[in-house]
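Have a look at the structure below before the remarks.
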Amino acid sequence: MGLFKKKKKMRKWPFILLFIVILFGGISYLGFQYIKKEGILENTFVQKQLKDLAGDEHADVVDALPTLLGFEEQKTYLLLFLNNTELRPGGGFIGSYATVRVDKGVPEILIMEGTEGIDGRADKDWRVEPPVILTKELYVDKWYFRDSNWSPDFQISTKRSLDFYKKENGVAAEEIDGVIAVTTEVLEHVLEKTGDIEVQGMTFTKDNVIEMLEREVEYDFAKKGIDFKERKQIMRPFFEAILKKVGYEMVFGGSEYIELFKKMIEEKHILVYAVDLDISTLVKTHDWGGEMVKNDDDYFLWVDANLAALKTDHVLERSLDYQIKLSEDAYIAEVDMTYTHDGIFDWRTTRYRSYARVYVPEGSLLKETKMIDPAGNTQIIDPNMVDSGIENGRQWFGVFIVIEPGTEEHLIFTYQVAPSVVKQMSSGIYNLYAQKQLGTKAHSLTIAHEFGTTIEAATPAEEKENWGNTQYTIDTDLRVDRTFSVQLKKRK
73 MGLFKKKKKM
83 RKWPFILLFI
93 VILFGGISYL
103 GFQYIKKEGI
113 LENTFVQKQL
123 KDLAGDEHAD
133 VVDALPTLLG
143 FEEQKTYLLL
153 FLNNTELRPG
163 GGFIGSYATV
173 RVDKGVPEIL
183 IMEGTEGIDG
193 RADKDWRVEP
203 PVILTKELYV
213 DKWYFRDSNW
223 SPDFQISTKR
233 SLDFYKKENG
243 VAAEEIDGVI
253 AVTTEVLEHV
263 LEKTGDIEVQ
273 GMTFTKDNVI
283 EMLEREVEYD
293 FAKKGIDFKE
303 RKQIMRPFFE
313 AILKKVGYEM
323 VFGGSEYIEL
333 FKKMIEEKHI
343 LVYAVDLDIS
353 TLVKTHDWGG
363 EMVKNDDDYF
373 LWVDANLAAL
383 KTDHVLERSL
393 DYQIKLSEDA
403 YIAEVDMTYT
413 HDGIFDWRTT
423 RYRSYARVYV
433 PEGSLLKETK
443 MIDPAGNTQI
453 IDPNMVDSGI
463 ENGRQWFGVF
473 IVIEPGTEEH
483 LIFTYQVAPS
493 VVKQMSSGIY
503 NLYAQKQLGT
513 KAHSLTIAHE
523 FGTTIEAATP
533 AEEKENWGNT
543 QYTIDTDLRV
553 DRTFSVQLKK
563 RK
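Using the working numbering, you'd call the opening residue of the sequence shown number 73 and step up by one each time.
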């Protein structure tokens, strides 16, 4: 069976409530038991509270709750905890995971551990060849669950993650109804609302939670005499503590949490994969699935993969500039990522080592790849050192780079614009879809295009004083995916 049976007028709220219930308790332990024993979901007062919370237009959600919470039949979910301070194409390194079964509203954690646990239990004959760059930079000759989210398309990555989970003998692997992934951003925002959490003598706050958890599982466990295999044992009591604290607030005042989760979904810090085909369609419709967008417009997606650079992404600032210029009757595009490394060498920070890729429309022709160092010197990268390929109907170019602490460097891909985009511009229309990498924050984005013909209208619009010329310049960010549309005067 899928996540739930198909119902009429099902909107996005069921999944939002499901995230809350599964990830952070949603209802306290006391609440779970009360639901189970007293049939609270049938209570008129509770139904009114839930409908008020969801809004009249989403009242059908209440009817779906028994199915969502496993009252009709139990559900099993795989939760992936993506550490985006160690950024990977699929949102962040899969450092930990949990498998949770929900039966009549009561969640049961079947297993919660670091991914080194399941990978360490893989059969001795496990022989899955990893991407070449992982072998080259991580010195691994086998591809495991922990590195499975290599595609920037979450649906593709998760299919592979589930395949590895099954083949590595994951708990309840054949029962998984869906996969929910969250980044560290969600945890920080939740603690901002709950306040401090006390676990095993440690005080976790919104400002220190990620650093303290990382330090505990990377270094401090040894000082406490905890075996390496058990170094992530704190995760379970930590999330149980959050569950208890969030539960009451969710039942009697959960509107703030719903708004938070809506925001985290939009910014792609919560991602969903559904096994059931009907729900998979719903995920796609509402853009919860972190898919690469497919269209005939101009497009770019910049993707970094932190390879053996510790948790350096927490001090790395990014700024992306994209420009198109008309040069000798050909349109040339330049995508420029500025990396500013604000850290120093310490226990969680080192030089930034990234396999950086840019995805653009198929048919784009690479002209040059270069780095500009802090002194302003330009290094042209040997074309033989630049990888390329096709994925999901997109052309990509990629190269491995290293950024030293305290420096700022540019990586620039220059390419001839794809014929399909040129044809669109020739018709007087230019549309761009700028897609953010899963798990990234709101790094800046500047669009600076010179079309060689007058701009008649644009969305979003430039400042009024810039209207009526041949240039289109917009400063924004990639907190979410961005779309741009420009109406051009046809060239004669």
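All C-beta atoms in this analysis are idealised placements derived from N, C-alpha and C, irrespective of residue type, glycine included.
In this text the structure is predicted, and so the values were computed from the model without any measurement.
Backbone secondary structure at N449 - three-state DSSP: Working through the sequence shown from its first residue, we reach residue 449 at position 377. Three-state result, N449: coil.
Within 8 Å, strictly: CB atoms of R425 and L379: Along the sequence shown, one-based indexing puts residue 425 at 353. Along the sequence shown, one-based indexing puts residue 379 at 307. In this structure, R425 places its C-beta atom within 8 Å of the C-beta atom of L379.
For E534 and T545, believed in contact at Cβ under 8 Å, the rounded distance: Here the question's residue 545 lines up with position 473 in the sequence shown. Here the question's residue 534 lines up with position 462 in the sequence shown. The beta carbons of T545 and E534 sit about 6 Å from each other, so the pair counts as a contact at 8 Å.
Of the listed residues Q507, G250, M443, Q543, nearest to T479 (C-alpha basis): For this step, residue 479 is matched to residue 407 along the sequence shown. Nearest C-alpha to T479: M443.
Close beta carbons around I385, own chain, < 7 Å, minus the five adjacent residues each side: Locating residue 385 in the sequence shown gives position 313, where the first residue counts as 1. The residue you asked about is not Ile; residue 385 is Asp in the sequence shown. Closer than 7 Å at the Cβ level, and outside the excluded window around D385, lie N156, T157, E158, L159, N378.
Beta-carbon proximity of K196 to G142, cut-off 8 Å: Counting from 1 along the sequence shown, the entry for residue 196 is found at position 124. Counting from 1 along the sequence shown, the entry for residue 142 is found at position 70. It is not a contact, given that the beta carbons lie outside the stated cut-off.
Of the listed residues N464, E481, N456, E201, nearest to V471 (C-alpha basis): Taking the sequence shown and counting its residues from 1, the one referred to as residue 471 is at position 399. Ranking the options by Cα distance to V471, first place goes to N456.
Whole-angstrom C-beta distance between H261 and M336, which should lie under 8 Å: As a first step, residue 336 must be located in the sequence shown, where it is residue number 264. As a first step, residue 261 must be located in the sequence shown, where it is residue number 189. At roughly 7 Å, the Cβ-Cβ gap stays under 8 Å, so M336 and H261 are in contact.
CA-to-CA distance, M497 to L560, given in whole angstroms: The residue labelled residue 560 in the question sits at position 488 within the sequence shown. The residue labelled residue 497 in the question sits at position 425 within the sequence shown. Roughly 7 Å separates the two Cα atoms.
Buried versus exposed call for L437 [16 or more other C-beta atoms within 10 Å across all chains shown]: Here residue 437 refers to the residue found at position 365 of the sequence shown. Under this definition L437 is an exposed residue.
Y403 to H521 span [Cα, whole Å]: Locating residue 403 in the sequence shown gives position 331, counting from the first residue. Locating residue 521 in the sequence shown gives position 449, counting from the first residue. In a straight line, the C-alpha of Y403 is about 10 Å away from that of H521.
Collapsed DSSP secondary structure at V204 in the structure displayed: For the purposes of this step, residue 204 is taken as residue 132 along the sequence shown, with counting starting at 1. Looking at V204 - three-state DSSP - the assignment turns out to be helix.
Supposed close pair V251, L152 - CB separation, criterion 8 Å: Against the sequence shown, residue 251 aligns to sequence position 179. Against the sequence shown, residue 152 aligns to sequence position 80. At roughly 6 Å, the Cβ-Cβ gap stays under 8 Å, so V251 and L152 are in contact.
Identified DSSP bridge partners for T275: Mapped onto the sequence shown, residue 275 falls at position 203. Paired residue(s): E270.
CA nearest to the CA of Q146, picked from G167, G163, E180: For the purposes of this step, residue 146 is identified with residue 74 of the sequence shown, where counting begins at 1. Closest by alpha carbon: E180.
Alpha-carbon to alpha-carbon, G186 and T410: Your numbering for residue 410 matches position 338 in the sequence shown. Your numbering for residue 186 matches position 114 in the sequence shown. Distance between the alpha carbons of T410 and G186: 33 Å.
Cβ pair T148, D299 closer than 8 Å: Here residue 148 refers to the residue found at position 76 when the sequence shown is read from its first residue. Here residue 299 refers to the residue found at position 227 when the sequence shown is read from its first residue. Not in contact: T148 and D299 (Cβ atoms no closer than 8 Å).
Proximity to A245 [Cα-Cα], best of L315, E290, T171: Taking the sequence shown and counting its residues from 1, one reaches residue 245 at position 173. The shortest Cα separation from A245 among L315, E290, T171 belongs to T171.
Pairwise C-alpha distance: R173 and V430: Mapped onto the sequence shown, residue 430 falls at position 358. Mapped onto the sequence shown, residue 173 falls at position 101. Cα-Cα distance, rounded: 38 Å.
Residue of R303, N367, Q543, I473 minimising C-alpha distance to E286: Position 214 of the sequence shown, counted from the start, is the residue given in the question as residue 286. It is R303 whose Cα lies nearest to the Cα of E286.
The region 212-231 contacting the region 357-366, beta-carbon criterion three pairs below 8 Å: yes
Residue from A447, W468, K296, A253 whose Cα sits closest to the Cα of Y427: By 1-based counting over the sequence shown, the position of residue 427 is 355. For the residues A447, W468, K296, A253, the minimum Cα distance to Y427 belongs to W468.
C-alpha gap between H130 and T266, whole angstroms: Your numbering for residue 130 matches position 58 in the sequence shown. Your numbering for residue 266 matches position 194 in the sequence shown. Because the pLDDT of H130 is 45, which lies under 50, any placement of that residue in the model is unreliable, and the question is left without a value.
Outcome for G540 when other beta-carbon atoms lying within 10 angstroms are tallied against a minimum of 16: Position 468 of the sequence shown holds residue 540. It counts as exposed.
Per-residue DSSP class, three states only, for Y329: Position 257 of the sequence shown, counted from the first residue, corresponds to residue 329. In the structure shown, Y329 sits in a helix (DSSP, three-state: H, G or I).
Inter-residue CB distance, A530 and S557 (contact presumed, cutoff 8 Å): Taking the sequence shown and counting its residues from 1, one reaches residue 530 at position 458. Taking the sequence shown and counting its residues from 1, one reaches residue 557 at position 485. Going by Cβ atoms, the distance from A530 to S557 rounds to 7 Å, so yes, they are a contact pair.
Delimiting residues of the beta strand (DSSP E) encompassing G186: Stepping through the sequence shown from its first residue, residue 186 is reached at position 114. Here the beta strand (DSSP E) through G186 covers 178-186.
Simplified DSSP assignment, three categories, for D385: What you label residue 385 is simply residue 313 of the sequence shown in a count that begins at 1. It is helical.
Beta carbon of F372 nearer than 8 Å to that of T441: As a working mapping, residue 372 is identified with position 300 in the sequence shown. As a working mapping, residue 441 is identified with position 369 in the sequence shown. It is not a contact, given that the beta carbons lie outside the stated cut-off.
Burial state of L315, where buried means 16 or more other Cβ atoms lie within 10 Å: Sequence index remark: in the sequence shown, residue 315 carries index 243 (1-based). Classification for L315: buried.
Identity of the residues DSSP links to L392 by a beta bridge: Taking the first residue of the sequence shown as position 1, residue 392 is located at position 320. For L392, which the question treats as bridged, DSSP gives the partners M409, L517.
For A533: DSSP bridge partner residues: For the purposes of this step, residue 533 is taken as residue 461 along the sequence shown, with counting starting at 1. DSSP output for A533 lists no bridge partner at all.
D445 versus A346 - alpha carbon distance: Here residue 445 is taken as the residue at index 373 of the sequence shown, counted from 1. Here residue 346 is taken as the residue at index 274 of the sequence shown, counted from 1. In a straight line, the C-alpha of D445 is about 44 Å away from that of A346.
Span separating the alpha-carbon of G167 from that of K356: Reading the sequence shown from its first residue, position 95 is the one you call residue 167. Reading the sequence shown from its first residue, position 284 is the one you call residue 356. Their Cα atoms are separated by approximately 26 Å.
Beta-carbon gap between D370 and P433 smaller than 8 Å: Counted from its first residue, the sequence shown places residue 370 at position 298. Counted from its first residue, the sequence shown places residue 433 at position 361. A contact, by the Cβ cut-off of 8 Å.
In DSSP terms, what S460 is bridged to: Along the sequence shown, read from residue 1 onward, the residue named residue 460 stands at position 388. According to DSSP, S460 bridges with F469.
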